[in-house]
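*Asks:* Going by our numbering, the sequence shown opens with residue 1395, and the numbers climb by one from there.
Using N, Cα and C, we set each Cβ at its ideal position, and we do this for glycine too.
Before we start, here is the structure in question, set down as structure tokens.
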Amino acid sequence: MKRVVCIGGGLAAIYFSLLLSEEVELYLILGEGPEESNSYLAKGGIAVSLDIEDQAAHIADTLVAGAGLCNPQIVKEVIENSSRLLQDLKARGLYFDPNPSKEGGHAIARIQHISDQTGKFLLEKLWADLKKRKNTHFLYHTVATQLIIEKGICKGLTIANYLEGTCKNIFADSVVLASGGCGNLYAQHTNGIGANGEGAGMAKRAGIALQDMAFIQFHPTKMFLENKSENILVTEAFRGAGAILRDNNGYEFMKDLHPLASLAPRDIVSLGMFLKMEETQAKHVYLDFSKVDTQHFMRSFPFLFDAVKRGGFLSHEKIPVTPAAHYQCGGVDVDGNSATAIPGLFAIGEVARTGLHGANRLASNSLLELFHFAAKLASSEIIQTNNYGAGEDDLKPLIVEIPSELLQMENAIKELMWHSFGICRNAGQMEKALGELEVFHATIEYFEATYLFAKRLGNRIETAKAIANAAIQRKESIGCHQLIH
Ligand SMILES: Cc1cc2nc3c(=O)[nH]c(=O)nc-3n(C[C@H](O)[C@H](O)[C@H](O)COP(=O)(O)OP(=O)(O)OC[C@H]3O[C@@H](n4cnc5c(N)ncnc54)[C@H](O)[C@@H]3O)c2cc1C
């Protein structure tokens, strides 16, 4: 029996696993499971064009967002397949709301959604289906730390149980990276705790190129909650309903930056907020919702209303908000079949750079992308015909306790990424920050033989450096890479 190992518990990994032949033995490296994934948090939905006319418009919208850096062939392929994908999900018993919604950058309403928690509902159903399959081994509390490359071929990976510190090499005919994005590299982000850039870092260490890593997309309004790991997005539609951005003195600062003020395009709003926060040394600005009708708030934004209530902001009629790292547009370089340059190694989902997004992602194209390529890879022959062998080797355990200097290093990296490779970037500051990342890199290597967390942090630093180098090399502002002088 052939063996495939897949890293991840998000929709890319789960849909791939569900579509893979049951003749293949599958190991899923899961961390804590689906709930720590970004997929679980996806709210808006999946961009789907239902007819040929709309396909052309959807392609045009995607290319405009990507600012000339998309791969047009990939854009066409993914979008032309989108209605077939929707049919497959419906055939699996998923019920989408009858009226698609419209999001920024889309010419028409084409976002297929399930209430305002699309990712959660998709994951719960597909996960329940996957659990019934006999060919899948679910490895909980386990993380991948390193790819095993022999004679230029990926033969498997090293995994570690983070409760016990036990480590082993697991060999397989094919390895699939579905480890998601890297929002957790930033002090402010909207992502789940599993999105920390480790998969991309592992691939980089194995010699795979990471492409388009300068393009980290930021969401303008995440609820700012001091000392809480909960990430709550405040949808742009809430500003559409009348909520207004104000600084800590109550001043409507966006009026000075764009005629549409708080309703300016997403990137301009993020930039305006970030500059205001830097100027006033504040950790957030406010979203004043005193003009939003309460009935409308409760009815149209039930998830947000509940979160505002829990946060204690309802009576103040304003929510502290900050922009935050949201989506990794680039990633592990793959061809149209999700194959990397190393035989035996594949990448799907947010960790992969397929060429769909270019310099900026069109909203709700990411779920579409991951479903398309997960399905294509699961049905491709190459994933099942590699003949690299299977097996396991126990390794020396690692210490699971995390030394305080490593936690401090992790926090320092998040602050550095936020201030130097965040919403707006400056050449001098980026060079200086890259130097600091190099120092962290050299230091972490010393800890890696002993501490499991050091291995993970080492992979994260590799991804952070890839973002830094890519940002430094891009001399012009484009897409979500914005320079200031
Ligand atoms: C708040 C929010 C809202 C969003 N809304 C939408 C939307 O409406 N529409 C849309 O198209 N996109 C949306 N996105 C983006 C979209 O959700 C993600 O791009 C997509 O879900 C990524 O899926 P994935 O399977 O590739 O990765 P994820 O779902 O992030 O899963 C990655 C998995 O890999 C695991 N993992 C990571 N490293 C390791 C390791 N070393 N070892 C083992 N496991 C590991 C993680 O724990 C996780 O389980 C949103 C994102 C966020 C954060």
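Compute the minimum distance between the beta carbon of TYR1556 and the heavy atoms of ligand 1, and state whether it is under 7 angstroms.
*Replies:* no
*Asks:* Roughly how far, in whole angstroms, is the beta-carbon of LEU1651 from the beta-carbon of VAL1679, given that I think they are within contact range, below 8 angstroms?
*Replies:* About 13 angstroms separates the beta carbon of LEU1651 from that of VAL1679, a gap too long to meet the 8 angstroms contact definition.
*Asks:* Are ASP1491 and HIS1507 closer than 8 angstroms when you measure CB to CB?
*Replies:* yes
*Asks:* Could you check the C-alpha separation between LEU1488 and LEU1516 for me, to the nearest Å?
*Replies:* 7 angstroms
*Asks:* Using a threshold of 8 angstroms, state whether the C-beta atoms of TRP1812 and GLN1449 are closer than that.
*Replies:* Not a contact, by the Cβ cut-off of 8 angstroms.
*Asks:* Run through the region 1714 to 1776 for me and flag every whole alpha helix (DSSP H) of 4 or more residues, listed as ranges in chain order.
*Replies:* 1759 to 1773
*Asks:* Do you know how far the Cα of ILE1453 is from the Cα of LYS1470?
*Replies:* 6 angstroms
*Asks:* Write down the C-beta distance between PHE1612 and ALA1718 rounded to the nearest angstrom, noting that I regard them as a contact closer than 8 angstroms.
*Replies:* 6 angstroms
*Asks:* Need the endpoints of the alpha helix (DSSP H) that ASN1805 sits in, please.
*Replies:* 1798 to 1814
*Asks:* So, with DSSP's three-state summary, where would you put THR1629?
*Replies:* coil
*Asks:* Do ALA1538 and ILE1408 have their beta-carbon atoms positioned less than 8 angstroms apart in this structure?
*Replies:* no
*Asks:* Where does ASN1585 land, buried or exposed, given buried means 16+ other C-beta within 10 angstroms?
*Replies:* Around the beta carbon of ASN1585, a 10 Å sphere encloses 16 or more other beta carbons of the protein chains shown; the residue is thus reported as buried.
*Asks:* Thinking C-alpha only, which one of ALA1600, LEU1557, GLY1404 is nearest ASP1727?
*Replies:* Check the Cα spacing between ASP1727 and each of ALA1600, LEU1557, GLY1404: the tightest is with ALA1600.
*Asks:* Quick one: is HIS1535 buried, meaning 16 or more other Cβ sit within 10 Å of its Cβ, or exposed?
*Replies:* Exposed, because fewer than 16 other Cβ atoms sit within 10 Å of the Cβ of HIS1535.
*Asks:* With distance defined between alpha-carbon atoms, name the residue in ILE1807, TYR1845, THR1844, SER1871 nearest to ASP1858.
*Replies:* First, the residue type needs correcting, since residue 1858 is Ala and not Asp in the sequence shown. Ranking ILE1807, TYR1845, THR1844, SER1871 by Cα distance to ALA1858 puts ILE1807 first.
*Asks:* Counting C-beta neighbours from all protein chains within 10 Å, is the total for GLY1829 16 or more, i.e. buried, or is it exposed?
*Replies:* Exposed, by the Cβ-count rule.
*Asks:* Is any non-hydrogen atom of ligand 1 found closer than 7 angstroms to the C-beta of SER1443, if you look at the structure I gave you?
*Replies:* no
*Asks:* Kindly indicate which three-state DSSP category TYR1645 falls into: helix, strand or coil?
*Replies:* coil
*Asks:* Specify the secondary structure class of GLU1592 as computed by DSSP and reduced to three states.
*Replies:* DSSP places GLU1592 in helix when its eight states are reduced to three.
*Asks:* Let's see if you can read the secondary structure: which residues bound the beta strand (DSSP E) around TYR1680?
*Replies:* 1679 to 1682
*Asks:* Would you please state the rounded distance, in angstroms, between the beta carbons of LEU1463 and GLY1752? I believe it to be under 8 angstroms.
*Replies:* Confirmed, about 3 angstroms.
*Asks:* Is the separation between the beta-carbon of LEU1412 and that of LEU1520 shorter than 8 angstroms?
*Replies:* yes
*Asks:* Quick check on the DSSP output: the beta strand (DSSP E) that includes LYS1549 runs from which residue to which?
*Replies:* 1547 to 1555
*Asks:* According to the neighbour-count rule (16 or more other Cβ atoms, all chains shown, within 10 Å of its Cβ), is LEU1654 buried or exposed?
*Replies:* Exposed: under 16 other Cβ atoms inside 10 Å.
*Asks:* Under 6 angstroms Cβ to Cβ from ALA1637, same chain only, skipping five residues before and after it: list those, please.
*Replies:* If we look at ALA1637 and ignore the five residues flanking it on each side, its Cβ neighbours are LEU1681, PHE1683, VAL1686.
*Asks:* Per the contact definition of three or more C-beta pairs closer than 8 angstroms, is the region 1429 to 1444 in contact with the region 1755 to 1767?
*Replies:* yes
*Asks:* Closer than 7 angstroms: is that where the CB of GLU1430 sits relative to any heavy atom of ligand 1?
*Replies:* yes
*Asks:* Is it the case that the Cβ atoms of ALA1406 and LEU1846 are separated by a distance below 8 angstroms?
*Replies:* no
*Asks:* With a threshold of 16 other CB atoms inside 10 Å of the CB of MET1803, please say whether the residue is buried or exposed.
*Replies:* buried
*Asks:* ASN1754: beta carbon under 7 angstroms from a heavy atom of ligand 1?
*Replies:* Not under cutoff, so the answer is no.
*Asks:* With DSSP collapsed to three states, give me the class of ALA1658.
*Replies:* coil
*Asks:* Which residues in the same chain have their Cβ closer than 8 angstroms to the Cβ of GLU1417, if we skip the five residues on either side of it in sequence?
*Replies:* Closer than 8 angstroms at the Cβ level, and outside the excluded window around GLU1417, lie MET1395, LYS1396, ASN1529, GLN1778.
*Asks:* If you drop the 5 nearest sequence neighbours on each side, which residues of the same chain put their C-beta closer than 8 angstroms to that of LYS1496?
*Replies:* ILE1502, ALA1503, ARG1504, ILE1505
*Asks:* Can you round the beta-carbon distance between GLY1958 and VAL1569 to whole angstroms, since I take them to be within the 8 angstroms contact cut?
*Replies:* No statement about residue 1958 is possible, as the shown extent of the chain runs from 1395 to 1879 and does not include it.
*Asks:* Among PRO1659, GLU1624, GLU1673, whose alpha-carbon lies nearest the alpha-carbon of ASN1643?
*Replies:* GLU1673
*Asks:* So, is LYS1869 buried or exposed, given that buried needs 16 or more other C-beta atoms within 10 angstroms?
*Replies:* exposed
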